[in-house]
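Read the structure below first, then the notes.
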Amino acid sequence: MLGPILHLTPKRFLSRVTGYLVHLPLPAPLSQASMKWFANRYKIDLSEAEHDIGHYKSIGDLFVRRLKPGLRPLGAKDLVHPADSRITQMGSLEKGDLIQAKGKTYRLREFLGALDCKPYEKGAFATYYLCPTDYHRVHSPVTGKVRQVVYIPGALWPVNEWSTSHIDNLFSINERVVVEIETEKGLIAVVLVGATNVGQMSLAFWPEFRTNAALQMKPITREFGGGVALQKGDELGAFHMGSTVVMCLSAEALPQDWNKLPLGHQVRVRADFDQHV
131 MLGPILHLTP KRFLSRVTGY LVHLPLPAPL SQASMKWFAN RYKIDLSEAE
181 HDIGHYKSIG DLFVRRLKPG LRPLGAKDLV HPADSRITQM GSLEKGDLIQ
231 AKGKTYRLRE FLGALDCKPY EKGAFATYYL CPTDYHRVHS PVTGKVRQVV
281 YIPGALWPVN EWSTSHIDNL FSINERVVVE IETEKGLIAV VLVGATNVGQ
331 MSLAFWPEFR TNAALQMKPI TREFGGGVAL QKGDELGAFH MGSTVVMCLS
381 AEALPQDWNK LPLGHQVRVR ADFDQHV
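Numbering (my numbering) for the sequence shown: 131 to 407.
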């Protein structure tokens, strides 16, 4: 029953409306009440937020809150987690497929859009699911330079457990932003995947860029000449509501212990890749 309902739901329109409403400035008493309700509803740990709740102007503002300095120490290894999240899938890319859920895969070539997928075909991937409770800024998992960004317009299906189990090629049909980073060891693609009620996705190093804009329905590829320098742990972008990050690594960029992390565990942004909560 849920499938037909979701097919008929105007998901992009709903997401724009949601994005508008959660950023709508309200009189202070209403704004504070709505944010407290939201924080209680999703069990958000406000003690981690950079500011007291009174600093934020709307639910949307609270959602992309920064954390207090020092709360997410930077790991010592070359590869760290890009987000506070739960790792739902991980695997090899040798067959050109990524695992979506048990019995479901999607093609790397389609997922990365205009990005050359050949460097990744002998590498591996990890999928990170961000729930509403999580901190929703995405950080660079490596030190390197942003070579290019590929924006791929698409649908905005939910990315919850039901959808990953029932919607074929979910991550290849949803809107996504591919950020390719060149490191001393190899290439890494950090892919932000849109979803229902993700008002927008934004990039820290390209402030003018926002997804899910009314007139922005064409693919975009932007190359960054000499590259945009990033240090491991630097802010990369943000979800204005929640979604999924998929990290694809070329074979050269893979750490030796990349497949030692068990699935289903919570991880912390900027922590070493082999660490979980």
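Quick reminder that beta carbons are idealized off the backbone N, C-alpha and C, glycines included.
Exercise for the section: Could you spell out where the beta strand (DSSP E) holding Gly356 opens and where it closes? Expected result: Here the beta strand (DSSP E) through Gly356 covers 350–360.
Practice task
Buried or exposed for Gln361, please, with buried defined as at least 16 other CB atoms from any protein chain shown within 10 angstroms of its CB.
Solution key: exposed
Problem - Range of the contiguous alpha helix (DSSP H) that encloses Ser270 - result: Per DSSP, Ser270 belongs to no alpha helix (DSSP H) and is neither H nor E.
Practice task
Inspect the CB distances between the segment 267–282 and the segment 237–247 and report whether three or more fall short of 8 Å.
Solution key: Judged by Cβ distances under 8 Å, the segment 267–282 makes contact with the segment 237–247, as three or more pairs qualify.
Practice task
Whole angstroms is fine: what's the gap from Gln219's alpha carbon to Tyr258's?
Solution key: Distance between the alpha carbons of Gln219 and Tyr258: 8 Å.
Handout entry: Under 7 Å between C-beta atoms of Glu240 and Ser302
Key = Taking C-beta atoms as the reference points, Glu240 and Ser302 count as a pair closer than 7 Å.
Practice task
Mind reading off the beta-carbon distance from Cys378 to Val321? Whole number of angstroms is fine, and I expect it under 8 Å.
Solution key: 7 Å
Practice task
Taking only the alpha-carbon atoms, compute the straight-line gap between Gln230 and Ala158 and give it to the nearest angstrom.
Solution key: Going from the Cα of Gln230 to the Cα of Ala158 covers about 42 Å.
Practice task
Output yes or no for whether 7 Å exceeds the beta carbon distance between Ala254 and Pro288.
Solution key: No, the Cβ-Cβ distance between Ala254 and Pro288 is not below 7 Å.
Problem - Three-way DSSP call (helix, strand, coil) for Leu300 in this model - result: helix
Exercise for the section: Out of Thr263, Gly274, Gly190, state which residue places its alpha-carbon closest to the alpha-carbon of Gly356. Expected result: Gly274
Practice task
For the segment 172–206, list the alpha helix (DSSP H) runs that are entirely contained and at least 4 residues long, ordered along the chain.
Solution key: 189–193
Problem - Helix, strand or coil at Trp336 [DSSP, three-state] - result: strand
Exercise for the section: Return the CA-CA distance between Asn299 and Leu238, expressed in angstroms with no decimal places. Expected result: 11 Å
Practice task
Answer yes or no: do Gly316 and Ala383 have a C-beta to C-beta separation smaller than 7 Å?
Solution key: yes
Practice task
Go ahead and label His266 buried or exposed: buried means 16 or more other beta carbons lie within 10 angstroms of its beta carbon, across all protein chains shown.
Solution key: buried
Problem - Distance CB(Val399)-CB(Ala213) smaller than 7 Å - result: yes
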